[in-house]
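Trainee: Below is one structure. I have some questions about it.
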Amino acid sequence: MYNFEYKKAGSVDEAAGIVGADDEAKLLAGGMTYIPTLKQRLAAPTTVVDLNGVGGMDGISADGNGVTVGAMARHAAVAASAEVAAAIPALADLASHIGDPQVRNRGTIGGSIANNDPAADYPAALVGLGATVQTNKRTIAADDFFTGLFETALGQDEIVTAVSFPRAGKAAYMKFPNPASRYAIVGVFVAQAADGVRVAVTGAGPCVFRVAEMEAALAANWSADSVAGLGISADGLNEDIHASAEYRAHLVTVMAKRAVAKAG
Amino acid sequence: MTEQGIGAAVARREDRRFVTGQGHYTDDINRRGQTYACFVRSPHAHATLNGVDTAAAGAMPGVRAIFVGEDMAEVGPLICGWAITDVNGEPFRAPPHPALAIGKVNYAGEAVAVVIADTLEQAKDAAAAVEVDYGLLDAVVDPAQATAGGQPQIHEAAPGNLSFEWALGDKAAVDAVFDGAAHVTSLEFANNRLVPNAMEPRACVAEYDAGSGEHTLHIASQNPHVHRLVMSAFHGLAPEHKLRVVAPDVGGGFGSKIFIYAEEVVLTWAASRVRRPIKWTAERSESFLTDAHGRDHVTTAELALDSDGKFLAMRVDTTANMGAYLSTFASAVPTYLYATLLAGQYTTGGIYCNVKAVFTNTVPVDAYRGAGRPEAAYVVERLVEAAAAETGRDPADLRKTNFVPTDAFPYETPVIMQYDCGDFAGSMDQALDLAGYGGFQARKAESKAGGRLRGIGFSSYIEACGVAPSAAAGSLGAGVGLWESANIRFNPTGNVQLFTGCHSHGQGHETAYAQIVADKLGVPYEQVEVIHGDSSKIPFGMGTYGSRSAAVGGSAIVKAADKVIEKGRKIAAHTLEASEDDIEFAGGNFTVKGTDKAMNIAEVAFTAYVPHNYPEGLEPGLDETAFYDPLNFSFPAGTHICEVEVDPETGSVSIERYAAVDDFGVLINPLIVEGQVHGGIGQGVGQAMLEHAVYDGAGQLVSGSYMDYTMPRADDVPSYDVGFNGVPSPLNPLGVKGCGEAGAIAAPAAVMNAVHDALRDVGVGHIEMPATPLRVWQAIQDAAA
Chain R
-19 MYNFEYKKAG SVDEAAGIVG ADDEAKLLAG GMTYIPTLKQ RLAAPTTVVD
31 LNGVGGMDGI SADGNGVTVG AMARHAAVAA SAEVAAAIPA LADLASHIGD
81 PQVRNRGTIG GSIANNDPAA DYPAALVGLG ATVQTNKRTI AADDFFTGLF
131 ETALGQDEIV TAVSFPRAGK AAYMKFPNPA SRYAIVGVFV AQAADGVRVA
181 VTGAGPCVFR VAEMEAALAA NWSADSVAGL GISADGLNED IHASAEYRAH
231 LVTVMAKRAV AKAG
Chain C
4 MTEQGIGAAV ARREDRRFVT GQGHYTDDIN RRGQTYACFV RSPHAHATLN
54 GVDTAAAGAM PGVRAIFVGE DMAEVGPLIC GWAITDVNGE PFRAPPHPAL
104 AIGKVNYAGE AVAVVIADTL EQAKDAAAAV EVDYGLLDAV VDPAQATAGG
154 QPQIHEAAPG NLSFEWALGD KAAVDAVFDG AAHVTSLEFA NNRLVPNAME
204 PRACVAEYDA GSGEHTLHIA SQNPHVHRLV MSAFHGLAPE HKLRVVAPDV
254 GGGFGSKIFI YAEEVVLTWA ASRVRRPIKW TAERSESFLT DAHGRDHVTT
304 AELALDSDGK FLAMRVDTTA NMGAYLSTFA SAVPTYLYAT LLAGQYTTGG
354 IYCNVKAVFT NTVPVDAYRG AGRPEAAYVV ERLVEAAAAE TGRDPADLRK
404 TNFVPTDAFP YETPVIMQYD CGDFAGSMDQ ALDLAGYGGF QARKAESKAG
454 GRLRGIGFSS YIEACGVAPS AAAGSLGAGV GLWESANIRF NPTGNVQLFT
504 GCHSHGQGHE TAYAQIVADK LGVPYEQVEV IHGDSSKIPF GMGTYGSRSA
554 AVGGSAIVKA ADKVIEKGRK IAAHTLEASE DDIEFAGGNF TVKGTDKAMN
604 IAEVAFTAYV PHNYPEGLEP GLDETAFYDP LNFSFPAGTH ICEVEVDPET
654 GSVSIERYAA VDDFGVLINP LIVEGQVHGG IGQGVGQAML EHAVYDGAGQ
704 LVSGSYMDYT MPRADDVPSY DVGFNGVPSP LNPLGVKGCG EAGAIAAPAA
754 VMNAVHDALR DVGVGHIEMP ATPLRVWQAI QDAAA
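In order, the protein sequence lines correspond to chains R and C. All residue numbers for the first sequence refer to the numbering used here, where the first residue is -19 and numbers rise by one. All residue numbers for the second sequence refer to the numbering used here, where the first residue is 4 and numbers rise by one.
Structure representation (structure tokens):
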């Protein structure tokens, strides 16, 4: 690690003030990506602003419309939440398969989506359910939030405070994990979402994306067979030693099919 | 068998401290005034070193010293300790390997300079400020291409990137058999390169006492005395009597901590220059880049059979990747630890093996759990399984047709080994039962109904461990002896300290050795303490590797115990006023034959230290040392049967069942042995399905972290069914055979044979390790196309 100033923020406003005044200051939530990055000297922030001291950011609540998850809620809390399990069981299931127990007990939903790792699980849930991201400044539809590889719509002094997931009909997430990292090589979230059927894919491309053709097919007939014959192009998909673009494209269909079957 | 003697499943006494964080590892050692080393490492796989500018870095806060290769001119280069003679009669080419690079770097991660500073962060900051002028060269990475014309040349002293070409067997005779064979099975495959991944990374703390002129090196080592010997004799760092090497608790080795690496040489040398203790602990990324890797063979193998399925001959051509330099024992691995095992469990008539050992711009490759024997078992067992499929024979039956029969021992193989004993067919039968072989077809049909492909695979491996005898090893090129020492020291109050030259880094010696001592001397197990790993305490020792600690180290303990008993007999005879010949020893008691006059060994020990009434001319004390040089290798063998299910849609392979029946001779502690089997199979499964050190064309390690290098996890392996069919070895006093590597030797072939069996149904003929989902899926696509 390089030296940096450490500040434990007492409020979102205080944290936003610091990162707003200094482009090289960086927010720390669960630190599951950022701490290893610092340890490997791949980042040299001036100040690390720790959000773990900000109270009231980790709540999980449900009402008739859906579930709201505080930005600092740990994955394990979402996975274990009775409210989430009752309202959107697919979301609890997804959270229960993020990383490993250590990651789930430290990692936060806010940190995950703000980082927008192309192989993270949560982006698929947000886009797949048509969620809304709440920040200290505004609300952003999930479709508009994830803008590219490790890129989001967040401004420099903008901090995720919560994510609201509308209730959905049938929904499920299927992930084909990278054998080494256990991140998603391909993860597909399918849902009869509040605004219609959604199919969101993570891991396959540089950023989470939806598959319109599958959504239309499932809207017409919600069954695994509806998507079994639908493929996506391998063009532009990720390639690494674990999966070629063609393999990823193939897995999108397989995982979509299995997600629909899992959703029932 | 006593309750805690030989054969008892005693829970490992060392585990409490390990699992409660009370272990003492090298990185736990901190010395007053300690400084920290950070190595400047080449980011390039192949480059000239045009200059290293340390001026700015040297002026940074806390920096004590910065050294480059030229500063260490007085220190001898790193060596390879096993000389091989080339087929043309010349010695192997072992180009100089300076601890810090001089003039040229030959792999990414090679140390170019070392910064020593008061804190680790200061050392890292300064290391980043060292300016190195590299002249980039093309890299040679693929071993199969390394000797081809037009490839970049790594060492002037090794033209064509060839260290040596070596062969075993009568080529003309074997060729003639092939020409007349009814059937020939031919395979080409790679044995994938692996990263050792001990849980504890390599680490050392070097100290120099200017008052006494004594150096102390604390190091995560499998063989501290070998470190001391090499560092004294070859690097000239200090005479042996002024160099103490301590290997405290060590968190796994798997071979990777046998070798003498640049870091410990540099630190030991530098500590006397900066007059401060220096610590270095590898970060995980440094472990990936600099620990000696394992395996990395490219092989063509052929098996000739007659019309009855008898194995007539085998022909094997292997290119072994040595990496950029010859590591400490690298040359022995693809030669004497490999080709000598190609007979497997079979009566194959003739065997010829040719090996080219080549240099590439990758980190050196050396012994890794099994070292040569997993590669050999993979060659033999893949060939046998393919031959069975090609000739329409049951793979178990074909093996049984060719097993060395139980009454044929001692059995001379065509590849210079003499097997002492075994029951290959018995282990096979037991494994077939354990695996539920009879129900396989029904399980396969069930899988098929669910859209899955099920396959079964066998591996009837044999291995040679406890490398020996020293004279034979020496005649084959070994630079060291391969005996072991034990010192049993009774204290006056009757408890016992065993000092062993082996080293425990996960094997459970503190428990198993205490069981041997308790059993042989009849002292309570709790009163036996096992001490290892400190050259100032142990007479000498060759360390632990090659599954040698039971057969060689354990035998030394038995010899030392015999000496204790012999001396005790004299003391007891004197005290009990009997003739020595009339004294019997059993269960810790010296008894006058035919009487109830007896003396416990603890009383004997007390008498030896308080010799008021004592045999005339007998030395006081009860402290005996023995050195044991083995008569032969020991030959563990067995049959492993693996059953897999493939999801053809995703290419995922899951291991559904795994049965292992091993002959390890007498088991000292079945619980520890079973754990060794589990761990070994886990590593074998890792090689077969998960692990792969991948370099790109420029020599960059692509799978350089756990994000890309797949370690086996609990959900990758099944619950094993383990059985034993021990035939006691007649060649050592315990009747034991090594068990530490067997799982890693057997499992790759068992798993891959099962994968091939499953994929045969969809027309896939060949797939390489690791059989990742991508590879399996791609193979299915290619077969369908």
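For each residue, glycine too, the CB sits at the ideal point set by N, CA and C. Computed from a predicted model, the values in this text were never measured in an experiment.
Just the Cα atoms here: how many angstroms apart are residue 472 of chain C and residue 124 of chain C?
Mentor: Distance between the alpha carbons of residue 472 of chain C and residue 124 of chain C: 48 Å.
Trainee: Find the residues of chain C that neighbour residue 156 of chain R, judging by a C-beta separation of less than 7 Å, and give them in chain order.
Mentor: In chain order: 653.
Trainee: Within its chain, find whatever has a CB closer than 6 Å to the CB of residue 269 of chain C; leave out the 5 residues flanking it on each side and keep chain order.
Mentor: Cβ within range, chain order: 102, 117.
Trainee: Return the residues of the segment 709 to 735 of chain C that lie within a Cβ-Cβ distance of less than 9 Å from chain R, sorted by chain order.
Mentor: Residues 709, 710, 711, 712, 713, 714, 716, 719.
Trainee: I'd like the ranges of any beta strand (DSSP E) spanning at least 3 consecutive residues and lying wholly in the segment 129 to 157 of chain C.
Mentor: DSSP runs (the beta strand (DSSP E)) wholly in the segment 129 to 157 of chain C: 134 to 139.
Trainee: Using three-state DSSP, classify residue 231 of chain C as helix, strand or coil.
Mentor: Residue state, collapsed to three classes: helix.
Trainee: Could you check whether the Cβ of residue 250 of chain R sits closer than 9 Å to any Cβ belonging to chain C?
Mentor: This structure leaves residue 250 of chain R out entirely; chain R is present only between -19 and 244.
Trainee: Report yes or no: do the segment 161 to 170 of chain C and the segment 182 to 195 of chain C share at least 3 C-beta pairs separated by less than 8 Å?
Mentor: The segment 161 to 170 of chain C is not in contact with the segment 182 to 195 of chain C.
Trainee: Once you ignore the five residues that flank residue 214 of chain R on each side, which residues in its own chain have a CB closer than 6 Å to its CB?
Mentor: 225, 226, 229, listed in sequence order.
Trainee: Run through chain R and tell me which residues come within less than 8 Å of residue 283 of chain C, C-beta to C-beta.
Mentor: Under the 8 Å cutoff, chain R gives no residues; its nearest Cβ is about 17 Å from residue 283 of chain C.
Trainee: Let's see if you can read the secondary structure: which residues bound the alpha helix (DSSP H) around residue 95 of chain R?
Mentor: Where residue 95 of chain R is concerned, the enclosing alpha helix (DSSP H) stretches over 89 to 95.
Trainee: List the endpoints of the continuous beta strand (DSSP E) containing residue 283 of chain C.
Mentor: From DSSP, the beta strand (DSSP E) with residue 283 of chain C extends over 281 to 284.
Trainee: I believe residue 438 of chain C touches residue 646 of chain C by the beta-carbon criterion, under 8 Å. Please report the beta-carbon distance rounded to the nearest angstrom.
Mentor: Contact holds; Cβ gap of about 7 Å.
Trainee: Contact check, residue 301 of chain C vs residue 146 of chain C under 8 Å by CB: the rounded distance?
Mentor: Yes, residue 301 of chain C and residue 146 of chain C are in contact; Cβ-Cβ is about 6 Å, under 8 Å.
Trainee: Helix, strand or coil: which one does DSSP assign to residue 547 of chain C?
Mentor: If DSSP states are grouped into helix, strand and coil, residue 547 of chain C belongs with coil.
Trainee: Note down the Cα distance separating residue 4 of chain C from residue 542 of chain C, rounded to an integer number of angstroms.
Mentor: Below a pLDDT of 50, predicted positions are generally treated as unreliable, and residue 4 of chain C, at 44, falls in that range; no measurement from the model is reported.
Trainee: DSSP state of residue 4 of chain C, grouped into three classes?
Mentor: Any reading at residue 4 of chain C is ruled out, since the residue's pLDDT is 44, under 50, leaving its predicted position unreliable.
Trainee: Please report the distance separating the alpha-carbon of residue 478 of chain C from that of residue 111 of chain C.
Mentor: Going by the C-alpha atoms only, they are around 35 Å apart.
Trainee: To the nearest angstrom, report how far apart residue 401 of chain C and residue 732 of chain C are at their CA atoms.
Mentor: One C-alpha to the other measures close to 27 Å.
Trainee: With H, G and I counted as helix, E and B as strand and the rest as coil, what does DSSP make of residue 339 of chain C?
Mentor: Reduced to three states, the DSSP call for residue 339 of chain C is coil.
Trainee: Is there a Cβ from chain C that is less than 9 Å from the Cβ of residue 236 of chain R?
Mentor: So, not an interface residue.
Trainee: Which residues, in chain order, does the segment 201 to 224 of chain R contribute to contact with chain C at a C-beta distance below 8 Å?
Mentor: Correct list: 220, 221, 222, 223, 224.
Trainee: Just reading off the beta strand (DSSP E) that residue 578 of chain C is part of, what are its end residues?
Mentor: Counting along the chain, residue 578 of chain C falls outside any beta strand (DSSP E), though it belongs to the alpha helix (DSSP H) covering 557 to 578.
Trainee: Since residue 704 of chain C meets chain R, which of its residues come closer than 9 Å, beta carbon to beta carbon?
Mentor: Residues of chain R passing the Cβ test: none, with the nearest at roughly 11 Å.
Trainee: Would you list, in chain order, the members of the segment 98 to 112 of chain R that have their beta-carbon closer than 7 Å to a beta-carbon of chain C?
Mentor: Answer in chain order: no residues at all.
Trainee: Helix, strand or coil for residue 56 of chain C per DSSP?
Mentor: The answer is strand: DSSP assigns residue 56 of chain C an E or B state.
Trainee: Measure from the alpha carbon of residue 431 of chain C to the alpha carbon of each residue in C/726, C/768, C/79, then state which is nearest.
Mentor: Cα-wise, what sits closest to residue 431 of chain C is C/726.
Trainee: Take the Cβ of residue 239 of chain C as the centre, count every other Cβ of all protein chains shown within 10 Å, and call the residue buried at 16 or more, exposed below.
Mentor: Flag for residue 239 of chain C reads exposed.
Trainee: Taking contact to mean 3 or more Cβ pairs, one atom from each stretch, closer than 8 Å, check whether the segment 76 to 96 of chain C and the segment 241 to 252 of chain C are in contact.
Mentor: No contact exists between the segment 76 to 96 of chain C and the segment 241 to 252 of chain C.
Trainee: Provide the residue(s) that pair with residue 594 of chain C in DSSP beta bridges, ordered along the chain.
Mentor: DSSP output for residue 594 of chain C lists C/587, C/601 as bridge partner(s).
Trainee: Just how far apart, CA to CA, sit residue 360 of chain C and residue 90 of chain C?
Mentor: So the alpha carbons of these two residues sit roughly 12 Å apart.
Trainee: Going by beta carbon distance, what residues of the same chain come within less than 7 Å of residue 536 of chain C, once the five residues before and after it are set aside?
Mentor: Cβ neighbours of residue 536 of chain C beyond the five flanking positions: 227, 249, 250, 251, 506.
Trainee: Below 7 Å on C-beta distance, what does residue 697 of chain C contact in chain R?
Mentor: Simply 221.
Trainee: Run through DSSP, which three-state label would residue 89 of chain C get?
Mentor: Coil at residue 89 of chain C, not helix or strand.
Trainee: Using DSSP with H/G/I as helix, E/B as strand and the rest coil, what is residue 640 of chain C?
Mentor: Three-state result, residue 640 of chain C: strand.
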